[in-house]
Amino acid sequence: MSSNYVLNAQSRDVFGTGASRRQRRESHIPAVVYGAGKDNEAVTLDHDQVMHSLEKEAFHSAIIDLQTDAGSQQVILREVQMHPHRPLVLHMDFQRIKATETLHMKIPLHFDGADEAPGVKVDGGILAHAITELDITCLPKDLPEYIAVDVSELGMNESIHLSDITLPEGVELTVTAFHEGEDPAVATIAASKVAEEEPASEEGEGGEQSSAADAEADKSE
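The structure is reproduced here in structure tokens:
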């Protein structure tokens, strides 16, 4: 199961645009907690604590212990609304979880061994990511922090496909994530732009040298 995070929250009983603005000026984030057959709960969170947590990739797919006036409840982050121009969280949505209810989550992929892949280490290629996260379903106890993808054996122009990924125990790929029968490439080792441009540069330099030699020969004649 992915690591638990703790967030402290306070119940709120004032609503509306004006109230939300006042809360943000006081470094509080308005948020709502829903799910698990219970009524929606309006809370506020400390902005600095939330921003610190949001910087961690694992937080976005973790089970969070939300500490409120009424006690602790386990939730997952469902939505974060950010200010379009400032590092400011405007609103957050959290979903309560039950141990027996399946979760639908987006989990990041971690690509391991890229530096050791022959296509990178020997041929100077780069690892290009086509897919960086997967839609999965699992029970809360099986929720992974990330899914590891081994690319250490890839050569130049070789790819890891969706079917090559080993999912953790208890985790299933959401069937609607891709069309039935598709097996898309997740990552490919391709030639870097610098490597592609080098032959052209060498040819250009050779052409300039040939032109200079021809001009010198004309003078001699």
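Counting in my numbering, the sequence shown runs from 205 upward without gaps.
Heads up, the beta-carbon is just placed ideally off N, CA and C, and yes, glycines get one too.
Contact between the segment 224-235 and the segment 256-268 is not established, with fewer than three Cβ pairs separated by less than 8 angstroms.
Contact between Val279 and Ile301 is confirmed by a C-beta separation of about 6 angstroms, below the 8 angstroms threshold.
DSSP places Lys325 inside the alpha helix (DSSP H), whose first and last residues are Pro322 to Lys325.
Close CB contacts of Ile330 within its chain, under the 6 angstroms cut and outside five residues either way in sequence, are with Ser396 (chain order).
For His287, the secondary structure class from DSSP, reduced to helix, strand or coil, is coil. Here Glu337 has Lys310, Ile311, Pro312 and Leu313 as same chain residues with Cβ atoms under 7 angstroms from its own Cβ, once five neighbours each way along the sequence are excluded.
The continuous beta strand (DSSP E) containing Asp250 extends over residues Lys242 to Asp250. At a Cβ-Cβ threshold of 8 angstroms, Ala235 and Asp297 count as neighbours.
A distance below 8 angstroms between beta-carbons, with the five flanking residues on each side excluded, links Val355 to the following residues of its chain, in chain order: Phe315, Asp316, Gly317, Ala318, Ala321, Leu331, Ile364, Ala391 and Ile393. In terms of Cα proximity to Gly323, the closest of Asp339, Asn361 and Thr370 is Asn361. DSSP assignment within the segment 322-375 yields the following whole alpha helix (DSSP H) runs of 4 residues or more, N-terminal first: 322-325.
Residue state for Lys260 is assigned as coil, using DSSP reduced to three classes.
Here Ala213 is buried, its C-beta having at least 16 other C-beta atoms within 10 Å.
Bridge partners of Ala303 according to DSSP: none are assigned. The C-alpha of Pro372 lies about 18 angstroms from the C-alpha of Ile335. Burial of His232 is indicated by the presence of at least 16 other C-beta atoms within 10 angstroms of its C-beta.
Between Pro291 and Asp273, the alpha-carbon positions lie close to 28 angstroms from each other. Sequence-distant Cβ neighbours of Ala389 in its own chain, meaning closer than 6 angstroms and more than five residues away, are Ala334, Ser363 and His365.
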